[in-house]
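In our numbering, the protein residues as written are 373 to 760.
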């Protein structure tokens, strides 16, 4: 893909191309430096040209959420369409990440799928509603939020401040209406040892060896019960030892070992349920081994699972809009987490609905199906007109 890219003739695809061409890698990830600043300016300019008001809110230093509002008949109610503006790192990509080529019905580039496609479709949906003179039953808002790929700071901030009565989040779902997903609890297990020269290891306590014993117990004693937990929509709970760091050099008995644990929660579970068995296991191991000094720190990331009732108004509005556009389909659940968890935790009914497949998110070759992006515009517009 070395040829120069050109804008597509379809409005939503051209809008998406402009968004993808803006580097907005999360600053907390490799290669990230600019953050969402360029996306905020892009969204602000788009809605200014439409005559739709926007407001910004600084969430982290130099990093803002932006919210646009299209007035409806009932100004006391609002439906929020939300899309995150940051992307995953582009360092491992094997295509030019910010050159949004369109080939064989696919648009390529970092963020094309996750989640600038859904964001562009939501933005165009608001513009078309205004241009067509449609006054929705209630206010329709679009929010571009910051920091989804790292800490969900943007969604957490907006969830605590929004006046929305329901939320549609634009993660890639292949345009299925997702009303439930798993959550995640990430914890750090810190094991302390005593350093010594490797020629006399008996004078020290090897933190890596002690951590390895704990990992083995977690895998044999705890993991089976975790994986036995299931949910009819989101699949199963999960446990993964994802990171281990220890030692300073090969001829020193390591004085510390750090283990990072990823625990996936099904709807109905919470952080306490994820932590309690781990804490009990570590405590029991320390009782049996007086040389073991281990501490399970509080979660460094928590994304709650969520489930919205099928009979809720937002699920029904989104599902009928999807059926009108693409044909009948059942609501679904997914194993990954999204910003929807933050709104659900704040008591706001939410669905996840967007073009693209999660299989392409964060990929070395990220792309989105253009036909899905076009269909998303109509689904979002119809949902906006049916939510009351």
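The beta carbon of each residue, even a glycine, is placed where N, CA and C say it ideally should be.
For residue 497, collect the residues of the same chain with a Cβ closer than 7 Å to its Cβ; drop the 5 residues on either side in sequence, then sort them by chain order. Looking up residue 497 in the chain shown gives position 125. Cβ within range, chain order: 749, 752, 753 and 756.
First and last residue of the uninterrupted alpha helix (DSSP H) at residue 448: Within the chain shown, numbered from 1, the residue matching residue 448 stands at position 76. It is not in any alpha helix (DSSP H) - residue 448 instead sits in the beta strand (DSSP E) that spans 446 to 456.
For residue 557, the nearest candidate out of 435, 669, 508 and 621 (CA to CA): Counting from 1 along the chain shown, the entry for residue 557 is found at position 185. The shortest C-alpha separation from residue 557 is found at 669.
Which residues in the same chain have their Cβ closer than 6 Å to the Cβ of residue 617, if we skip the five residues on either side of it in sequence? Within the chain shown, the letter at position 245 stands for residue 617. Counting only Cβ-Cβ distances below 6 Å, and skipping sequence neighbours, we find 630.
Can you tell me where the alpha helix (DSSP H) holding residue 697 begins and where it ends? Residue numbering aside, residue 697 sits at position 325 when the chain shown is read from its first letter. From DSSP, the alpha helix (DSSP H) with residue 697 extends over 685 to 698.
From this set, 569, 686, 424 and 610, which residue's C-alpha is nearest residue 595's C-alpha? The residue given as residue 595 occupies position 223 in the chain shown. When only C-alpha atoms are compared, the closest one is 610.
With a cut-off of 8 Å, do at least 3 Cβ pairs link the segment 710 to 724 to the segment 663 to 678? yes
Name, in chain order, the residues that DSSP records as bridge partners for residue 678. Residue mapping note: residue 678 aligns to position 306 of the chain shown, counting from 1. Paired residue(s): 553.
Boundaries of the alpha helix (DSSP H) in which residue 572 is found, first to last residue: Counting from one through the chain shown, the residue named residue 572 turns up at place 200. Premise fails: residue 572 is in no alpha helix (DSSP H) and is neither H nor E.
Beta strand (DSSP E) runs contained entirely in the segment 571 to 644, provided each spans 3 or more residues: 610 to 618 and 628 to 637
With three or more C-beta pairs closer than 8 Å as the rule, is the segment 400 to 420 touching the segment 445 to 462? yes
Could you work out which residue in 476, 481 and 463 is closest to residue 469 when comparing CA atoms only? Start at 1 with the first residue of the chain shown, and residue 469 comes out as number 97. Among 476, 481 and 463, the Cα nearest to that of residue 469 is on 481.
Output needed for residue 658: all residues of its chain with C-beta closer than 7 Å, excluding positions within five of it in sequence on either side, in chain order. Walking along the chain shown from the start, residue 658 turns up at place 286. Result list for residue 658: 664 and 666, in chain order.
CA-CA distance, residue 585 and residue 487? Position 213 of the chain shown, counted from the first residue, corresponds to residue 585. Position 115 of the chain shown, counted from the first residue, corresponds to residue 487. Taking the straight line joining both Cα atoms gives about 41 Å.
For a quick check, are the C-beta atoms of residue 539 and residue 722 less than 8 Å apart? Looking up residue 539 in the chain shown gives position 167. Looking up residue 722 in the chain shown gives position 350. Contact: yes.
Pairs of beta-carbons, one from the segment 507 to 527 and one from the segment 438 to 446, closer than 8 Å: are there three or more? yes
Consult DSSP for residue 510 and reduce its assignment to one of helix, strand or coil. In the chain shown, counting from the first residue as 1, residue 510 sits at position 138. Correct three-state label for residue 510: strand.
Per DSSP, which one or two residues make a beta bridge with residue 438? If you number the chain shown from 1, residue 438 lands on position 66. Note: residue 438 sits in a beta bridge opposite 428 and 516.
Would residue 740 and residue 460 qualify as a contact pair, given that the criterion is a beta-carbon distance under 8 Å? Walking along the chain shown from the start, residue 740 turns up at place 368. Walking along the chain shown from the start, residue 460 turns up at place 88. No.
Going straight from the alpha carbon of residue 501 to that of residue 552, what length do you get? Position 129 of the chain shown, counted from the start, is the residue given in the question as residue 501. Position 180 of the chain shown, counted from the start, is the residue given in the question as residue 552. Approximately 28 Å between the Cα atoms of the pair.
CB-CB under 6 Å to residue 508, same chain, minus the five flanking residues each way: which ones, in chain order? As a first step, residue 508 is located in the chain shown; it is residue number 136 there, counting from the start. Cβ neighbours of residue 508 beyond the five flanking positions: 444, 756 and 757.
Residue 615 classed as buried or exposed, judged by whether at least 16 other C-beta atoms fall within 10 angstroms: The sequence position of residue 615 within the chain shown is 243, counting from 1. Burial call: exposed.
With three or more C-beta pairs closer than 8 Å as the rule, is the segment 686 to 700 touching the segment 514 to 532? no
Determine the contact status of residue 590 and residue 637, defining contact as a CB-CB distance below 8 Å. On the chain shown, position 218 is the one that residue 590 refers to. On the chain shown, position 265 is the one that residue 637 refers to. Against a cut-off of 8 Å, the Cβ pair of residue 637 and residue 590 comes out as no contact.
If you compare alpha carbons, which of 650, 423, 738 and 628 is closest to residue 634? Walking along the chain shown from the start, residue 634 turns up at place 262. With distances taken between Cα atoms, residue 634 lies closest to 650.
Beta-carbon spacing of residue 714, residue 528 below 8 Å: Counting from 1 along the chain shown, the entry for residue 714 is found at position 342. Counting from 1 along the chain shown, the entry for residue 528 is found at position 156. Yes; because the gap between Cβ atoms is below 8 Å, this pair is in contact.
Quick one: residues in its chain with C-beta nearer than 7 Å to the C-beta of residue 692, no 5 flanking neighbours on either side, listed in chain order? On the chain shown, residue 692 is found 320 positions in, with the first residue counted as 1. The answer, listed in chain order, is 758.
Under 6 Å Cβ to Cβ from residue 404, same chain only, skipping five residues before and after it: list those, please. Taking the first residue of the chain shown as position 1, residue 404 is located at position 32. 397 and 398, listed in sequence order.
For residue 728, count neighbouring Cβ atoms within 10 angstroms of its own Cβ and tell me buried if that reaches 16, exposed if not. Position 356 of the chain shown, counting from 1, holds the residue named residue 728. It is buried - the Cβ of residue 728 has at least 16 other Cβ atoms within 10 Å.
What are the boundary residues of the alpha helix (DSSP H) that residue 758 is part of? For the purposes of this step, residue 758 is taken as residue 386 along the chain shown, with counting starting at 1. Residues 742 to 758.
Label residue 737 either buried or exposed according to how many other C-beta atoms from any shown protein chain fall within 10 Å of its C-beta, with 16 as the threshold for buried. The residue you call residue 737 lines up with position 365 of the chain shown. Answer is exposed; the Cβ neighbour count stays below 16.
Rounded to whole angstroms, how far is the Cβ of residue 532 from the Cβ of residue 718, which I believe are closer than 8 Å? Against the chain shown, residue 532 aligns to sequence position 160. Against the chain shown, residue 718 aligns to sequence position 346. So it is a contact: roughly 6 Å between Cβ atoms.
Whose C-beta lies closer than 6 Å to the C-beta of residue 439 among residues of the same chain, with five residues either side of it excluded? As a working note, residue 439 is residue 67 in the chain shown. The answer, listed in chain order, is 427, 513 and 515.
Is it right to say residue 569 is buried, meaning 16 or more other beta carbons lie within 10 angstroms of its own, or is it exposed? As a working note, residue 569 is residue 197 in the chain shown. Classification for residue 569: exposed.
Figure out for me which residue from 490, 603 and 623 has the closest Cα to the Cα of residue 639. As a working mapping, residue 639 is identified with position 267 in the chain shown. Looking at the Cα atoms, 603 is the closest of the given residues.
Per the DSSP calculation, residue 558 is bridged to which residue(s)? Mapped onto the chain shown, residue 558 falls at position 186. According to DSSP, which records beta bridges pairwise, residue 558 is partnered with 634 and 673.
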